[in-house]
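Beneath this line is the structure, given in structure tokens, with notes to follow.
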Amino acid sequence: MADALGSNLIGTLDLKYQIHEAGFDMVGVTTAAPPESWPQFAEWVEQRKHGTMGYLARSLELRQDLNSVLPGVRSVVMVGLNYAPPRDEVAADPKIARYARGRDYHRVIPRRLKPVARWIEETFGAQTRIAVDSAPLLERDLAHRAGLGWFGKNTMLINSERGSWFLLGCLLTTVRFRPDEPAIGGCGTCRKCIDACPTGAIVHDNERWQVDARQCISYLTIEHRGELPEGTDTSGWLFGCDICQEVCPFNTLRPSQPLRARPTSVPDMQERRKWPTETEIASLSPESWDFLTRGSPVRRAGYEGLKRNARLAQND
Numbered sequence: 206m207a208d209a210l211g212s213n214l215i216g217t218l219d220l221k222y223q224i225h226e227a228g229f230d231m232v233g234v235t236t237a238a239p240p241e242s243w244p245q246f247a248e249w250v251e252q253r254k255h256g257t258m259g260y261l262a263r264s265l266e267l268r269q270d271l272n273s274v275l276p277g278v279r280s281v282v283m284v285g286l287n288y289a290p291p292r293d294e295v296a297a298d299p300k301i302a303r304y305a306r307g308r309d310y311h312r313v314i315p316r317r318l319k320p321v322a323r324w325i326e327e328t329f330g331a332q333t334r335i336a337v338d339s340a341p342l343l344e345r346d347l348a349h350r351a352g353l354g355w356f357g358k359n360t361m362l363i364n365s366e367r368g369s370w371f372l373l374g375c376l377l378t379t380v381r382f383r384p385d386e387p388a389i390g391g392c393g394t395c396r397k398c399i400d401a402c403p404t405g406a407i408v409h410d411n412e413r414w415q416v417d418a419r420q421c422i423s424y425l426t427i428e429h430r431g432e433l434p435e436g437t438d439t440s441g442w443l444f445g446c447d448i449c450q451e452v453c454p455f456n457t458l459r460p461s462q463p464l465r466a467r468p469t470s471v472p473d474m475q476e477r478r479k480w481p482t483e484t485e486i487a488s489l490s491p492e493s494w495d496f497l498t499r500g501s502p503v504r505r506a507g508y509e510g511l512k513r514n515a516r517l518a519q520n521d
């Protein structure tokens with residue numbers, strides 16, 4: 206019953222209506238086939254370009270088969286939530302990646318997806334699972350197959366109409382919905398992101414562009430635990446980095462050029478909290494850090510990590 210209903214066009218259109226009603230800007234559907242980029246991802250991990258993110262190596266094999274996340278999965282619904290800033294937004298001080306200036310998307314996206322999951326379960330008698338960076342999935346691979354965007358040279362998922370200022374959410378289900386076509390696009394000869402990266406993290410290897418996490422400012426300020434090697438360049442960033450997105454023509458925010466990435470209308474992504482100076486952050490107590498980062502993606506850096514970043518930022 207569920208398979209017959211879910212595989213037809215009406216069922217898929219109803220699904221997408223539910224997604225848009227939930228407040229998402231983008232939606233696409235793909236099958237539960239193994240991710241096509243898994244061999245390249247496995248090679249990237251084998252070359253230790255994942256740095257100290259040991260969880261990526263531990264979950265490597267699981268990422269080949271979506272049944273490891275939801276047994277019997279037949280479709281994957283990928284959603285995108287726009288977080289593009291307004292064109293006149295001033296640079297953040299301290300320097301925090303734009304996606305992390307609003308509320309934590311790990312909370313925002315699941316909250317919006319839960320009514321959709323409940324609708325699928327009640328309508329089709331099916332199973333679902335929501336995943337937002339919380340399961341062994343190659344989300345960008347799935348989002349590309351679902352038509353949300355194509356891979357740029359900086360490995361970001363780029364939508365030709367919206368740029369790359371969007372966050373991904375994933376809803377797996379045992380219903381067989383009609384899949385969308387993969388996105389088509391490319392950077393052409395443009396290499397603005399490559400030239401702008403202050404640490405040279407975007408590298409060309411085996412005829413493809415990839416990011417060496419060990420040199421990426423986002424990785425260094427968010428995922429790396431412990432002190433950073435002497436001389437590490439974080440270019441003053443406290444958390445994350447937007448440089449490769451800021452220079453991308455698909456994300457242009459300059460008044461002299463057409464606006465592709467429309468500013469977000471999502472209140473949670475428009476929220477801007479007041480942050481202390483780097484000097485104040487470097488001397489935070491555990492209690493103050495807990496209060497400051499509550500409900501923010503910045504919490505991911507950890508207490509010691511955020512203070513470390515603040516010390517480095519003071520010297521840039």
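Numbers given in the working numbering equal positions in the sequence shown, counted from 1, plus 205.
From the three backbone atoms N, C-alpha and C, an ideal C-beta is built for every residue, glycine too.
Predicted model, so just to flag it, every value in this text is computed and none were measured.
1. Ignore the nearest five residues each way along the sequence and tell me which others in E248's own chain have a CB closer than 8 Å to its CB.
2. How close, in whole Å, do the beta carbons of S242 and L343 come, if the pair is a contact with beta carbons under 8 Å?
3. Jot down the residue ranges of each uninterrupted beta strand (DSSP E) in the region 397–484, minimum 3 residues, whole runs only, in chain order.
4. Between which two residues does the alpha helix (DSSP H) carrying L376 extend?
5. Just how far apart, CA to CA, sit Q269 and P240?
6. Going by alpha carbons, who is nearest to A336 out of Y310, W355 and Y508?
7. Could you check how far apart the C-beta atoms of F444 and A305 are, in whole angstroms? I think they sit under 8 Å.
8. Could you give the residue range of the alpha helix (DSSP H) that holds R263?
9. Tell me the residue span of the beta strand (DSSP E) that contains S280.
10. Which residue comes first and which comes last in the alpha helix (DSSP H) that contains I325?
11. Can you give the beta carbon distance from E483 to A515, rounded, assuming they're within the 8 Å contact cut?
12. Quick one: measure Cβ to Cβ for W414 and T360, integer angstroms, because I've assumed they're closer than 8 Å.
13. Within the chosen definition, does the region 225–236 reach the region 380–387 through at least 3 CB pairs nearer than 8 Å?
14. Which two residues bound the contiguous alpha helix (DSSP H) that contains R334?
15. Do G307 and D447 have their C-beta atoms closer together than 8 Å?
16. Apart from the five residues just before and just after A209, which ones in its own chain have a Cβ nearer than 7 Å to its Cβ?
17. For V250 versus A262, is the C-beta spacing smaller than 8 Å?
18. Excluding the five sequence neighbours on either side, which residues of its own chain have a C-beta within less than 7 Å of the C-beta of V321, listed in chain order?
19. Thinking C398 and V471 are a contact (beta carbons under 8 Å), I'd like their distance in whole angstroms, please.
20. Is N364 helix, strand or coil by DSSP?
21. According to DSSP, is G216 part of a helix, a strand, or is it coil?
22. What first and last residue would you give for the alpha helix (DSSP H) that runs through G357?
23. Measure the alpha-carbon distance for P387 versus M231 and round it to whole angstroms.
24. Roughly how many angstroms separate the alpha carbons of R396 and R323, rounded to a whole number?
25. Using DSSP bridges, identify the partner residues of V232.
26. For P291, collect the residues of the same chain with a Cβ closer than 8 Å to its Cβ; drop the 5 residues on either side in sequence, then sort them by chain order.
27. Looking only at its chain, what residues have a beta carbon closer than 6 Å to the beta carbon of G441, apart from the 5 residues adjacent to it on each side?
28. Rounded to the nearest angstrom, what separates A351 and S339 at their Cα positions?
29. Just the C-alpha distance for V274 and T426, rounded to the nearest angstrom, thanks.
30. Using the C-alpha atoms, what's the distance from T328 back to P434?
31. Does A207 pass the burial test, meaning 16 or more other C-beta atoms within 10 Å, or should it be called exposed?
In this structure, then:
1. N411
2. 6 Å
3. 407–410, 413–416 and 442–444
4. First-last for L376: F371 to T378, but that is the beta strand (DSSP E), not the alpha helix (DSSP H).
5. 6 Å
6. Y310
7. 6 Å
8. G259 to R263
9. S280 to N287
10. Y310 to F329
11. 4 Å
12. 7 Å
13. yes
14. Segment T333 to A336 is the beta strand (DSSP E) holding R334; no alpha helix (DSSP H) there.
15. no
16. In this prediction, A209 scores a pLDDT of 46, lower than 50, which makes its location untrustworthy; the coordinate-derived value is nonetheless stated afterwards. Correct list: empty, nothing qualifies.
17. yes
18. Q223, I224, A227 and L376
19. Not really, about 25 Å apart at Cβ, beyond 8 Å.
20. strand
21. helix
22. Neither: G357 is in no alpha helix (DSSP H) and is coded neither H nor E.
23. 14 Å
24. 44 Å
25. V284
26. P468
27. K300, A518 and D521
28. 19 Å
29. 29 Å
30. 54 Å
31. Per-residue confidence for A207 stands at a pLDDT of 48, beneath the threshold of 50, marking its modelled position as unreliable; no derived number is given.
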